[in-house]
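S.K.: Residues 1 to 154 in the UniProt record's numbering are what the sequence shown lists, from first letter to last. For glycine and all other residues, C-beta sits at the position ideal for the given N, C-alpha and C. Because the structure is a prediction, the values reported are computed rather than measured.
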Amino acid sequence: MNPKISDFGMARIFGGNEQQANTIRIVGTYGYMSPEYAMEGSFSVKSDTYSFGVLLLEIVSGLKISSAHFMTDFTNLIAYAWSLWKDGNARELVDSSIVENCPPHEVLRCIHLGLLCVQDNPNARPLMSSTVFMLENETALLPTPKEPLYFRGR
């Protein structure tokens, strides 16, 4: 059995070859859980990828998923990151406390990968093993992310 973490404080154990499951009791923190889990109770190995993508964007930006920083123009960190990315201004997302110590191409790659991980379609998200590979190998090509779905917690 392989444990799968869908969100902070909530772990599920899949049996043998199980890759996906549903639940009627949704538990977790909105913003970190994947849209399919938050809206339908459906979770899979790609739910972990979504949560990781949110964390990656938070680490790079120094902002929380639902910060007061976004209340006027953006619904959350994902919307803000996407807006900067599509306009070619992704470097503006980088936290000023790390900008001096991190090579720009590495930080931009983390933002790119974070946006891939938060795709609303689970099939468009990479597996975590692929995510690790893309982080470790600068020559690995990253697909172009599509505009992610933004949703607010209840």
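#1: Where L56 and E40 are concerned, what is the direct C-alpha to C-alpha distance, given to the nearest angstrom?
#2: Quick check on L135 - is its C-beta less than 8 angstroms from some C-beta in chain C?
#3: Measure how close the beta-carbons of C117 and Y50 come, nearest whole angstrom, since I'm counting them as under 8 angstroms.
#4: What first and last residue would you give for the beta strand (DSSP E) that runs through A43?
#5: Comparing C-alpha positions only, which one of I59, P145 and V45 sits nearest to S96?
#6: When the Cα atoms are used, what is the spatial distance from N76 to E147?
#7: Report the option in V94, N89, D120 and M134 whose CA atom is closest to the CA atom of residue 157.
#8: Leaving out five residues on either side along the sequence, give the residues of the same chain with a beta carbon under 8 angstroms from the beta carbon of A81.
#9: Can you tell me whether DSSP reads M134 as helix, strand or coil?
#10: What does the alpha-carbon distance come out to for the pair M1 and M134?
#11: Are the Cβ atoms of Y37 and V54 separated by less than 8 angstroms?
#12: Which value, in whole angstroms, describes the spacing of the CA atoms of E100 and S129?
#13: Alpha carbon to alpha carbon, how far is E136 from L108?
#14: Please work out which residues of its chain come closer than 8 angstroms, Cβ to Cβ, to A140, disregarding the five sequence neighbours upstream and downstream, and give them in chain order.
M.R.: This is what the structure gives:
#1: Locating residue 56 in the sequence shown gives position 56, counting from the first residue. Locating residue 40 in the sequence shown gives position 40, counting from the first residue. Each residue's alpha carbon lies about 24 angstroms from the other.
#2: The structure shown contains no chain C; it is built from a single protein chain.
#3: Mapped onto the sequence shown, residue 117 falls at position 117. Mapped onto the sequence shown, residue 50 falls at position 50. Correct: roughly 6 angstroms between the Cβ atoms.
#4: Mapped onto the sequence shown, residue 43 falls at position 43. In the sequence on display, residue 43 carries Phe and not Ala. S42 to S44 is the extent of the beta strand (DSSP E) around F43.
#5: As a working mapping, residue 96 is identified with position 96 in the sequence shown. The option with the nearest alpha carbon to S96 is I59.
#6: Against the sequence shown, residue 76 aligns to sequence position 76. Against the sequence shown, residue 147 aligns to sequence position 147. Whole-angstrom Cα-Cα distance: 14 angstroms.
#7: With the chain covering only 1 through 154, there is no way to say anything about residue 157.
#8: Here residue 81 refers to the residue found at position 81 of the sequence shown. L57, S61, A90, L93, I111, G114 and L115, listed in sequence order.
#9: Here residue 134 corresponds to residue number 134 of the sequence shown, with the count starting at 1. M134: helix per DSSP, three-state reduction.
#10: The residue labelled residue 1 in the question sits at position 1 within the sequence shown. The residue labelled residue 134 in the question sits at position 134 within the sequence shown. Low confidence applies to M1: its pLDDT is 38, below 50, so where it sits in the model is not reliable, and the reading given next is rough at best. Cα to Cα, the separation comes out at about 26 angstroms.
#11: The count along the sequence shown starts at 1 and reaches residue 37 at position 37. The count along the sequence shown starts at 1 and reaches residue 54 at position 54. Not closer than 8 angstroms, so no.
#12: Mapped onto the sequence shown, residue 100 falls at position 100. Mapped onto the sequence shown, residue 129 falls at position 129. E100 and S129: Cα-Cα distance of roughly 29 angstroms.
#13: Position 136 of the sequence shown, counting from 1, holds the residue named residue 136. Position 108 of the sequence shown, counting from 1, holds the residue named residue 108. Rounded to the nearest angstrom, the two C-alpha atoms are 14 angstroms apart.
#14: Taking the first residue of the sequence shown as position 1, residue 140 is located at position 140. Within the same chain, A140 has close Cβ partners F133 and M134.
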